[in-house]
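Here is the structure we will look at, set down as structure tokens.
Residue numbers (this note's numbering): 29 to 178.
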């Protein structure tokens, strides 16, 4: 999902209706990974279309950004100020492919976005066994207009 931020509020611009999943996640969901196209040659991750979803050219107002962190105990924490801007810049599209001398260019737009939306770091757990707890945390976050207790 791309984010567009002009003089008005930021908006989300959804991408193609597909998921990129690892073989173990696909198998857990009942799919056969070998039947699906690889995201990239030499990478085990596979593309899975989202049933019933077509391309969308709509723009959706953006209120929150959820950054998925590394494995660990399931939790979600709100990031504010510089911490939010740094995480947004660190997770910007193509930042890993840019030369280090250009990394500072990602920070001003990230800081602007961080001042317009709520930024969250989500720790998804350490295995698929943590999925129910992770979904519970995300449902509480989605249903809340204020910071959830997690």
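Glycine residues also receive a C-beta, built at the ideal position from the N, C-alpha and C atoms. What you are looking at is a predicted structure, and each value in this text was computed from that prediction instead of being measured.
- Counting C-beta atoms within 10 angstroms of its own C-beta, residue 108 has fewer than 16 neighbours from the protein chains shown and is therefore classed as exposed.
- In the DSSP annotation of this structure, the continuous segment of the alpha helix (DSSP H) that includes residue 56 starts and ends at 51-56.
- Under the three-state reduction of DSSP output, residue 42 falls in the coil class, being neither helix nor strand.
- If you look at residue 94, you'll find it in the beta strand (DSSP E) that goes 92-96.
- Secondary structure in the region 106-171: the beta strand (DSSP E) runs of 3 residues or longer, each lying completely within the stretch, are 146-153 in chain order.
- Beta-bridge partners of residue 66 (DSSP): 74.
- For residue 104, the pairing in a beta bridge is given by DSSP as 150.
- Excluding its 5 nearest sequence neighbours in each direction, residue 120 has C-beta neighbours in its own chain below 7 Å: 134, 138, listed in chain order.
- Under the 8 Å Cβ criterion, the region 99-118 does not count as touching the region 69-79, having fewer than three qualifying pairs.
- Residue 94 is positioned such that its CB atom lies no closer than 8 Å to that of residue 39.
- When 34, 65, 36, 60 are compared, the shortest CA-CA separation from residue 46 is found for 65.
- Residue 78 sits away from residue 152, with the two beta carbons spaced by 8 Å or more.
- With fewer than 16 other beta carbons inside 10 angstroms of its own, residue 85 counts as exposed.
- The beta carbon of residue 31 sits closer than 8 Å to the beta carbons of 38, 39, 40, 41, 90, 93, 141 from its chain, once the five residues preceding and following it are set aside; these are given in chain order.
- The beta carbon of residue 50 is closer than 7 Å to those of 72, 73 in its chain, skipping five residues each way along the sequence.
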